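Residues in the sequence shown are numbered consecutively from 2, following the numbering used here.
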Amino acid sequence: MEKIIVKGVKELNGEVNISCAKNSILPIIAATILCPESITINNTPMLEDVEVICKLLAKLNCEVNFSQIDNKLKINTSNISPENTNTDLIKKMRASFLIMGSMLARFGYCKLCLPGGCNIGSRPIDLHLKGFKLLGADVNIGYGFVEVQAKKLIGNRIYLDFPSVGATENILMAAVLAEGTTIIENAAEEPEIEDLARFLNKMGARIEGAGRGKIIIHGVRSLKGIEYTPIYDRIEAGTFMIAAGITNSKIKINGINEEHLRPVIEKLKECGFLFSKYNENSIIVDGTKMKKAVDIKTLPYPGFPTDMQAQIMSLLSITQGISIITETVFENRFMHVTDLTRMGANIKIDGRTAIIEGVSRLTGCDVKATDLRGGAAMILAGLAAEGETRIGDIYHIDRGYVNVEEKFRKLGAEVYRIDV
Ligand code: EPZ
2 MEKIIVKGVK ELNGEVNISC AKNSILPIIA ATILCPESIT INNTPMLEDV
52 EVICKLLAKL NCEVNFSQID NKLKINTSNI SPENTNTDLI KKMRASFLIM
102 GSMLARFGYC KLCLPGGCNI GSRPIDLHLK GFKLLGADVN IGYGFVEVQA
152 KKLIGNRIYL DFPSVGATEN ILMAAVLAEG TTIIENAAEE PEIEDLARFL
202 NKMGARIEGA GRGKIIIHGV RSLKGIEYTP IYDRIEAGTF MIAAGITNSK
252 IKINGINEEH LRPVIEKLKE CGFLFSKYNE NSIIVDGTKM KKAVDIKTLP
302 YPGFPTDMQA QIMSLLSITQ GISIITETVF ENRFMHVTDL TRMGANIKID
352 GRTAIIEGVS RLTGCDVKAT DLRGGAAMIL AGLAAEGETR IGDIYHIDRG
402 YVNVEEKFRK LGAEVYRIDV
């Protein structure tokens, strides 16, 4: 079993290069099913989650080739066999469910095992299925599977009760080859949605308004193979911003789109961070100044991202004063509080609200990654803790951060992986 060891307290310096966005690449890989031609995705970080969806496509008889040399991922789904979808890979990684929209659009049929929930919440799929039904599909659920079927998909107006990222992406992929026009209202506005739409439009789709609450899709008959470079990972970048603040350091982050990080940057400025633009894609983060307690409410984009909640909680654990974090997106995303408390944090949970009273120091001990971002929060807390923090269940972290310990070591942190 592997563990990540973090030795605090170390000041960071230098620069870190951010990878392409996991939450862009996963739907983009699912979207390659829409087109029976070769597609190349550049700068692909071979994360655990990316490996799982690549294995899923390979199991469906697609050609999937990843080059370690240039991080190019080449996919050709022309020989896909849609009937092989009965695999545990869907349960292993929820985002695999994103292939349903593409499969329905290309073959008029798809049967997948119901995606598991996960530690952070029940993760329902009712909005995905609502969209498929409104596009003309029959939806049957039973025996742990969901089956969708349609002779033809017809454009329609779809209102999402919640701006679900996954539902917006799945419906978008189902609609690009539908007959007529589809309007998705109250759609998710995350940058990764815009990135998926940009990818599909480059393939020949006709999508307007992605990244805003109303997306209009004019169905087309076919799409063509392309080469594409996804956007940078705003959550990885935000994680390293917090690393600068929690160690009172100043670092340079390469691979940033400031607009995508606006909610995080504004909140960190309120907390005492200073930012200066280095160039189009790089920023200097000065986390050396005195921090002050802040209140946070996680919201769908452009609100403060739920995927940064655990990380900023680590920072606020040692920020003088009382900070309040309200998690409005997922029902169980405070699992990292237990281990932060063991490290000396003073945090009280009341439903979806965490009340954090900053303490003067954290101390290292044995902790676990409870989920992807909770694991990142443990690394961050370890950077600021006296002594050694030993993090277990790090497979959660590997799902969303590639070469994480190397990236921290390059900044001067003492972070390394051991086999125990
Ligand atoms: C995506 O998950 C991301 N994952 C998550 O990132 C991210 O936290 C989340 O969006 C919110 O931003 C990927 O993109 C692969 P949702 P997704 O559908 O699509 C409710 C990470 O750490 N809902 O927007 O599953 C649901 O219960 C991961 O990188 C319905 O009610 O998120 C939840 O409360 C974690 N019905 C809320 O919407 C539905 O049909 C947000 O879910 C679908 C969702």
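Backbone N, C-alpha and C define an ideal beta-carbon position, used for all residues, glycine too.
Everything numeric in this text was worked out from a predicted model, so none of it was measured.
Practice problem: Using the Cα positions of residue 197 and residue 310, report the straight-line distance between them to the nearest angstrom. | Solution: What you label residue 197 is simply residue 196 of the sequence shown in a count that begins at 1. What you label residue 310 is simply residue 309 of the sequence shown in a count that begins at 1. Using only the alpha carbons, I get a separation of about 24 Å.
Quiz item: Does the distance from the CB of residue 398 to the CB of residue 370 come in under 7 Å?
Solution: The residue you call residue 398 lines up with position 397 of the sequence shown. The residue you call residue 370 lines up with position 369 of the sequence shown. Yes, Cβ-Cβ distance for residue 398 and residue 370 is below 7 Å.
Exercise. Compare the beta carbon distance of residue 381 and residue 252 with 7 Å and say whether it is the shorter of the two.
Key: As a first step, residue 381 must be located in the sequence shown, where it is residue number 380. As a first step, residue 252 must be located in the sequence shown, where it is residue number 251. Not in contact: residue 381 and residue 252 (Cβ atoms no closer than 7 Å).
Quiz item: Which partner residues of residue 278 appear in the DSSP bridge assignment?
Solution: The residue given as residue 278 occupies position 277 in the sequence shown. DSSP lists 284 as partners of residue 278.
Quiz prompt | residue 45 vs residue 76 beta-carbon contact at 7 Å | solution = Locating residue 45 in the sequence shown gives position 44, counting from the first residue. Locating residue 76 in the sequence shown gives position 75, counting from the first residue. No; because the gap between Cβ atoms is not below 7 Å, this pair is not in contact.
Quiz item: Residues bridged to residue 21 by DSSP?
Solution: Within the sequence shown, the letter at position 20 stands for residue 21. Its beta-bridge partners are 233.
Exercise. Go through its chain and collect everything with a Cβ distance to residue 392's Cβ below 8 Å, but skip five positions before and after it.
Key: For the purposes of this step, residue 392 is identified with residue 391 of the sequence shown, where counting begins at 1. 4, 5, 6, 7, 368, 369, 370, 376, 379, 380, 383 and 398.
Quiz prompt | Delimiting residues of the beta strand (DSSP E) encompassing residue 148 | solution = In the sequence shown, the residue the question calls residue 148 occupies position 147. Where residue 148 is concerned, the enclosing beta strand (DSSP E) stretches over 146-150.
Exercise. Mind the definition here: the segment 211-223 touches the segment 181-198 only if three or more C-beta pairs lie below 8 Å; say whether that holds.
Key: yes
Self-check item: Residue interval of the alpha helix (DSSP H) (run including residue 176)
Solution: What you label residue 176 is simply residue 175 of the sequence shown in a count that begins at 1. Residues 166-176.
Quiz item: Enumerated in chain order, which unbroken segments of the alpha helix (DSSP H) with a length of 4 residues or greater are wholly contained in the segment 34-112?
Solution: 49-60, 90-93 and 100-108
Quiz item: With residue 269 and residue 177 assumed to form a contact (beta carbons below 8 Å), what rounded beta-carbon distance in angstroms separates them?
Solution: Taking the first residue of the sequence shown as position 1, residue 269 is located at position 268. Taking the first residue of the sequence shown as position 1, residue 177 is located at position 176. In this structure, residue 269 and residue 177 do not form a Cβ contact; the two beta carbons are roughly 37 Å apart against a cut-off of 8 Å.
Quiz prompt | Contact set for residue 29: own chain, Cβ-Cβ below 8 Å, skip 5 residues either direction | solution = One-based indexing of the sequence shown puts residue 29 at position 28. Correct list, in chain order: 42, 196, 197, 200, 229 and 231.
Quiz prompt | First and last residue of the uninterrupted beta strand (DSSP E) at residue 257 | solution = Position 256 of the sequence shown, counting from 1, holds the residue named residue 257. It is not in any beta strand (DSSP E) - residue 257 carries neither H nor E in the DSSP assignment.
Quiz item: On the three-state DSSP scale, how would you describe residue 386?
Solution: By one-based count along the sequence shown, residue 386 stands at place 385. Of the three classes helix, strand and coil, the one that applies to residue 386 here is strand, per DSSP.
Exercise. Just tell me which of 352, 358 and 332 has its CA closest to the CA of residue 341.
Key: As a first step, residue 341 must be located in the sequence shown, where it is residue number 340. Per the Cα distances, 358.
Exercise. Answer yes or no: the CB of residue 340 versus the heavy atoms of the ligand EPZ, is any distance below 6 Å?
Key: Within the sequence shown, the letter at position 339 stands for residue 340. Incorrect: residue 340 has no Cβ contact closer than 6 Å to the ligand EPZ.
Exercise. May I ask you to report which of helix, strand or coil DSSP gives residue 191?
Key: Along the sequence shown, read from residue 1 onward, the residue named residue 191 stands at position 190. Coil at residue 191, not helix or strand.
Quiz item: Any heavy atom of the ligand EPZ closer than 6 Å to the Cβ of residue 168?
Solution: Against the sequence shown, residue 168 aligns to sequence position 167. If you check the C-beta of residue 168 against the ligand EPZ, you find a heavy atom less than 6 Å away.
Self-check item: Cβ neighbours of residue 266 in the same chain (closer than 7 Å, five flanking residues each side left out)
Solution: Within the sequence shown, numbered from 1, the residue matching residue 266 stands at position 265. Cβ within range, chain order: 259 and 276.
Practice problem: Could you tell me which of 93, 419, 181 and 337 sits nearest to residue 155, measuring between CA atoms? | Solution: For this step, residue 155 is matched to residue 154 along the sequence shown. For residue 155, the closest alpha carbon among the candidates 93, 419, 181 and 337 is that of 181.
Quiz item: Does DSSP put residue 342 in a helix, a strand or coil?
Solution: In the sequence shown, counting from the first residue as 1, residue 342 sits at position 341. Here residue 342 sits in helix by DSSP.
Exercise. For residue 261, I'd like the list of residues in its chain whose CB is within less than 6 Å of its CB, leaving aside the five on either flank, ordered along the chain.
Key: As a first step, residue 261 is located in the sequence shown; it is residue number 260 there, counting from the start. So the list reads 192 and 235, once near-sequence residues are dropped.
Quiz item: Which same chain residues, not among the five before or five after residue 66, have their C-beta less than 6 Å away from its C-beta?
Solution: In the sequence shown, residue 66 corresponds to position 65, counting from 1. Within the same chain, residue 66 has close Cβ partners 75.
Exercise. Report back the beta-carbon spacing between residue 11 and residue 248 to the nearest angstrom; my notes put them in contact at under 8 Å.
Key: Along the sequence shown, read from residue 1 onward, the residue named residue 11 stands at position 10. Along the sequence shown, read from residue 1 onward, the residue named residue 248 stands at position 247. Residue 11 to residue 248, Cβ: 6 Å. Contact.
Exercise. Please report the Cβ distance between residue 31 and residue 174, rounded to the nearest whole angstrom; I am assuming they are in contact, meaning their Cβ atoms lie under 8 Å.
Key: One-based indexing of the sequence shown puts residue 31 at position 30. One-based indexing of the sequence shown puts residue 174 at position 173. Going by Cβ atoms, the distance from residue 31 to residue 174 rounds to 7 Å, so yes, they are a contact pair.
Self-check item: Any non-hydrogen atom of the ligand EPZ within 6 Å of residue 127 CB
Solution: Residue 127 sits at position 126 when you count from the first residue of the sequence shown. Checking the Cβ of residue 127 against the ligand EPZ gives yes.
Self-check item: Other residues of its chain near residue 263: CB distance less than 7 Å, five sequence neighbours each side excluded
Solution: In the sequence shown, residue 263 corresponds to position 262, counting from 1. Correct list, in chain order: 303.
Exercise. Tell me where the alpha helix (DSSP H) around residue 311 begins and ends.
Key: Translated into positions along the sequence shown, residue 311 becomes position 310. Element bounds for residue 311: 310-318.
Quiz item: Which stretch, first to last residue, makes up the alpha helix (DSSP H) that contains residue 268?
Solution: Taking the first residue of the sequence shown as position 1, residue 268 is located at position 267. For residue 268, the enclosing alpha helix (DSSP H) covers residues 263-272.
Quiz prompt | Pair within 7 Å by beta-carbon distance, residue 254 and residue 17 | solution = The sequence position of residue 254 within the sequence shown is 253, counting from 1. The sequence position of residue 17 within the sequence shown is 16, counting from 1. Going by C-beta atoms, residue 254 is nearer than 7 Å to residue 17.
Quiz prompt | Any non-hydrogen atom of the ligand EPZ closer than 6 Å to residue 335 Cβ | solution = The residue you call residue 335 lines up with position 334 of the sequence shown. Residue 335 Cβ: outside cutoff for every heavy atom of the ligand EPZ.
Practice problem: Pull up the distance between the alpha-carbon of residue 360 and that of residue 401, whole angstroms please. | Solution: The count along the sequence shown starts at 1 and reaches residue 360 at position 359. The count along the sequence shown starts at 1 and reaches residue 401 at position 400. Per the coordinates, the alpha-carbon of residue 360 lies some 29 Å from the alpha-carbon of residue 401.
Quiz item: Are residue 135 and residue 159 closer than 7 Å when you measure CB to CB?
Solution: Within the sequence shown, residue 135 is the residue found at index 134, counting from 1. Within the sequence shown, residue 159 is the residue found at index 158, counting from 1. Yes, the Cβ-Cβ distance between residue 135 and residue 159 is below 7 Å.
Self-check item: Proximity test, residue 139 beta-carbon vs the ligand NAP heavy atom, cut-off 6 Å
Solution: This structure simply doesn't include the ligand NAP; it includes the ligand EPZ instead.
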